[in-house]
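In the numbering used here, the protein residues as written are 10 to 105.
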């Protein structure tokens, strides 16, 4: 689904693209940290107290945050184009 950015200036498109890249980078950085840390905690848990899998609390809690971050990213990418275009149109109407 391609959005029409014909009325946006190059600077505005660049800024929108920069925001998208930063949000994606933030999400994948968070996801990578989650995988590395949870794996490390799982290994630590296995060798220190294999009778109680306490690291699953971290996996569950942080996992909720990862899911929310992903949903927020998906929603941002889906409707940000129209939100930016609406704001541009409002500013044009006001003459600013």
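The beta carbon of each residue, even a glycine, is placed where N, CA and C say it ideally should be.
inquiry  = I need the straight-line Cα distance from residue 76 to residue 64, nearest angstrom please.
reply    = 18 Å
request  = Please say whether residue 82 and residue 33 have beta carbons closer to each other than 8 Å?
outcome  = yes
request  = Report the rounded CA-to-CA distance for residue 44 versus residue 55, giving the unit in angstroms.
outcome  = 16 Å
key: CA-to-CA distance, residue 24 to residue 51, given in whole angstroms   = 40 Å
inquiry  = Quick check on DSSP: helix, strand or coil for residue 61?
reply    = coil
request  = Please list, in chain order, all residues of the same chain as residue 57 whose beta carbon is under 8 Å from its beta carbon, the five residues on each side excluded.
outcome  = none
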